[in-house]
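Encoded as structure tokens, the structure appears first; notes follow it.
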Amino acid sequence: MAPEPFLGDVERTPVTHHILSVLVENKAGVLARIAGLFARRGFNIYSLAVAPSEGQARFSRVTIVVDAESAPLEQIVGQLNKLINVVEIKDIAPKDALERELLLATVSVDNENRGRVLGLVESAGASIVDVDADSLTLMLAGTPRACDELERSLEGFAEVELHRTGRVALPRLTKSEEN
Amino acid sequence: MKLTGAQALIKSLEQEGVEIIFGLPGGAILPVYDPIRDSSIRHVLVRHEQGAGHMAEGYALATGKPGVAMVTSGPGATNIVTPIANAHMDSTPLVVITGQVASASIGTDAFQECDITGITMGITKHNFLITHADEIPRVVASAFYIATTGRPGPVLIDFPKDIAQSEMEWWYPESIEEYDLLGYKPEIILDQSSIDEAVALISQAERPVLYVGGGTLKSNASQQLIAFAERTKMPVVTTLMARGAFPDSHPQHLGMPGMHGTYSAVTAIQKSDLLISLGARFDDRVTGKISAFAAGAKIIHVDIDPAEFNKVKVATVAVRSDIATALAAFDAAKAMPKNLDPWWEVLTGWREKYPLVYAPTDDPALLRPQEIIEAIAAASKPGTIVSSGVGQHQMWASHFWKFEEPRTWINSGGAGTMGFGVPAAIGAKAAMPDRDVWCIDGDGCFQMTAQEIVTATSEGFPIKVAILNNAYLGMVRQWQEMFYEERFSEVFLDADLPDYVKWAESMGAVGLRARTIEEMHEAIRQANEINDRTVVIDFRTPASEKVFPMVAAGASNDDIMVHPLQEVKN
Ligand SMILES: Cc1ncc(C[n+]2csc(CCOP(=O)(O)OP(=O)(O)O)c2C)c(N)n1
Ligand SMILES: [Mg+2]
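Residue numbers (the working numbering), protein chains in the order written: chain A, 1 to 179; chain B, 1001 to 1570.
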């Protein structure tokens, strides 16, 4: 009998994760260069978020959560730095990072579970952004942990379509705040 | 001044001082082949695009200048992928121009379309797809700048046909600022504290070794290295990529380290207390089993590329610098190890006990590959350039040729590309027409790129090729003999098929054959007399000959196997 296909180690945020905030030139193929580098060097990307940066059309900011277990951070940064289109790399240690992520989820609701969903929305600090007769879409902008928790809470519901953006981060202004 | 994109490309190459382009035209690059006719740049028409790439590498390795190759889109571009990968592994500066289908056709699976920038992303230092004719000067200037600065490497420019045909107003960047390379800053400010730490480590060292890699050649630091080694009395090993960076005749030279390194070079590293890496990268063919490599040594790692630090071995001190600058800083700080007399006593003992040797053949008239190389070397002028393919003959060439000058050894190291030898020799000859260029080749390698001898003949680049014809893919045969219980599998080539002499002659070269020592000397003499045609000598050598010393793949360098003649029987 054929073995189960190997799906990788499915886990949430790796314990040794690090956040790289990478400013890149907005040139064709730069994302492929970054993704290709990670793939060929065996560095794991946990999440990736990209958007045009700082109001300047010529740059994008790529926020990469890397698994520093897969390779020493120094190697990842060193190799990334060699990409000609990479302008600047900020490495933010998790304890110094203000990390946020957006979660959107559409949940089927009926009279029976509507109350439970609304309760979850309330206690998670999420908001309802769309509704129709038998489903509603909720949104949470929060810490990755809060998103993890909400995702877990929604696991019990029958039909859920859930998307997360991957996180963005900035260095904390005050380094002591609990996350 | 209005120029077409094609004219602008050629003019930009002229601006960069390009003297020679190796290439082969086709549909997508056709517009560029028109202005070449009017250019001062010489174009060499190859017979296969792989040849163009390796010729450009040979040119670059012999001169230190970037090699340039130009090919068409699709299969022309994919045919040059191997040389690009090879140059990437060996940090050889190349600029490769590929034709591309018209911009509007990109992404439509057009005739001879292929995503060459995608294919070569991981094997170039950078690549460009030109999107506007105005950008041509900037891209070309940037490509040469990137290829030749910092850690050198190949840069590819993909050039759509419509852009070659469109018009632009000629301009050329006047300064680096105009290159628009915000993310590329190769200038280095030497961190003096790293030098101070290194000098402090050196002052404690009793058993140091200078582990010299290809970066020393790239940095043109040979003279400085000699002076530094002589002042400090430290022993030197030169990797396969660095042969020639330090004279083989120098009494402080222990030879090449690694899987087929000399006993004294390999063991000196193993027993060292300080390893000073100068532009080397701890390649697995040098380190063997990493945890057992130089286990008792502190490491000073000097490299221009900080991504090399701690990649394989953790450096005690990392010095980010080109080698010439770092050596100058070590000298300025009067770096000096402890008294090395006791260390030299040990080293000399190893060297005397385990020199490079080879066994006599059963019939003394027959040829041993090692003595062919020694005979060619002995009959060659100083400054003769040697290229090789990949295999046993390559290791023997590295061992038995005595390299005295930088840039006389043209070789495929990191990629180990069979077929490199002949075209690379042609590229070196094109760069250095007054030097003799020998290619020490294997019969297997020769068959991969021999067609370029046609190029050598038609373009007037007479090289000398010594095929060490052992009728086998010898290096693979050696592994099968030693590690697969002599179960030879798909390694036999047949010494008489092809007929190398006839093949050479059909390509306009002189073909010679040598089976005995007498014939060997006669063939070498003739080859050295013929300077207007390529000469190919089919030297018949025994298949059973093996390369020693050897460290088995994945084994510790402590378990080096010396030549059977030297095995201690006790
Ligand atoms: C393109 C390529 N294919 C395969 C190999 C694997 N390989 C390494 S050495 C070798 C044998 C080379 O044979 P030959 O040129 O006759 O040299 P010899 O070892 O006999 O001196 C082979 C097949 C390689 N290095 N490069
Ligand atoms: Mg052979």
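Idealized CB from N, CA, C, for every residue including glycine.
Distance cut-off 7 Å: residue i Cβ against heavy atoms of ligand 1
i	result
L1240/B	no
D1443/B	yes
Q1392/B	yes
N26/A	no
M1550/B	no
V1386/B	no
M1418/B	yes
G1389/B	yes
N1470/B	yes
Partners in chain B for residue i, counting only beta-carbon separations shorter than 8 Å
i	result
A32/A	G1118 and M1121
G29/A	T1117, G1118, M1121 and L1129
P72/A	N1310
G36/A	M1121 and G1122
R40/A	G1122
Under 7 Å by beta carbon: chain A residues contacting residue i
i	result
Y1211/B	Those within 7 Å of Y1211/B in chain A number zero; the least Cβ separation is about 20 Å.
H1126/B	I84
Partner residues on chain A for residue i, Cβ-Cβ distance less than 8 Å
i	result
V1307/B	According to the sequence shown, residue 1307/B is Ala rather than Val. Here the neighbours are Q75, G78, Q79, N81 and K82.
I1146/B	I84
Near ligand 2: residue i beta-carbon under 7 Å from a heavy atom
i	result
G1421/B	no
L1497/B	no
Y1500/B	no
G1474/B	yes
Contacts of residue i in chain A (Cβ-Cβ under 9 Å)
i	result
G1183/B	L23, V24, E25, N81, L83, I84, N85, V86, V87 and E88
Chain-ordered chain B contacts of residue i [CB-CB under 7 Å]
i	result
P52/A	By Cβ distance, chain B contributes nothing, its closest Cβ being about 16 Å from P52/A, past 7 Å.
C-beta contact flag for residue i and residue j at 8 Å
i	j	result
V1044/B	A1430/B	yes
V24/A	V107/A	no
A1104/B	T1004/B	no
G78/A	A1307/B	yes
L1278/B	G1215/B	yes
V22/A	I76/A	no
N975/B	S1380/B	The structure shown has nothing for residue 975/B, since chain B only spans 1001 to 1570.
Q1224/B	L1327/B	yes
G1511/B	G1442/B	no
H18/A	D91/A	yes
M1089/B	A1397/B	no
G1099/B	T1072/B	yes
R145/A	L83/A	no
H1399/B	L1468/B	no
P1208/B	P1360/B	no
A1580/B	L1024/B	There is simply no residue 1580/B to check, as chain B begins at 1001 and stops at 1570 in what is shown.
Q1451/B	R1047/B	yes
V976/B	A1280/B	No information on residue 976/B is available, as it lies outside the stretch 1001 to 1570 that chain B covers here.
T1238/B	A1245/B	yes
D1558/B	A1292/B	yes
D134/A	D110/A	yes
Near ligand 3: residue i beta-carbon under 7 Å from a heavy atom
i	result
D1532/B	Only ligand 1 and ligand 2 can be found as ligands here, which leaves ligand 3 out of the picture.
- Query: Is the segment 1333-1353 of chain B close to the segment 1231-1241 of chain B, with three or more CB pairs under 8 Å?
  - Reply: yes
- Task: Decide if the segment 1081-1100 of chain B is in contact with the segment 1153-1161 of chain B; the criterion is three or more beta carbon pairs, one per stretch, under 8 Å apart.
- Result: yes
- With contact counted as at least three CB pairs below 8 Å, one residue from each stretch, are the segment 1060-1069 of chain B and the segment 1014-1021 of chain B in contact? yes
- Message: Using a Cβ distance threshold of 8 Å, determine whether the segment 1519-1526 of chain B contacts the segment 1209-1226 of chain B, with at least three qualifying pairs required.
- Response: no
- Item | At least three beta-carbon pairs within less than 8 Å, the segment 117-137 of chain A to the segment 145-163 of chain A | yes
- Item | Cβ pair count under 8 Å reaching 3, the segment 1403-1420 of chain B against the segment 1551-1570 of chain B | no
- Touch check for the segment 40-56 of chain A and the segment 1279-1293 of chain B: three-plus C-beta pairs under 8 Å? no
- Query: On the three-pair Cβ rule with 8 Å, is the segment 1130-1141 of chain B touching the segment 1005-1013 of chain B?
  - Reply: yes
- Cβ contact (3+ pairs, closer than 8 Å) linking the segment 1529-1548 of chain B and the segment 1492-1509 of chain B: yes
- Is the segment 1185-1196 of chain B in contact with the segment 56-73 of chain A, if contact means three or more CB pairs nearer than 8 Å? no
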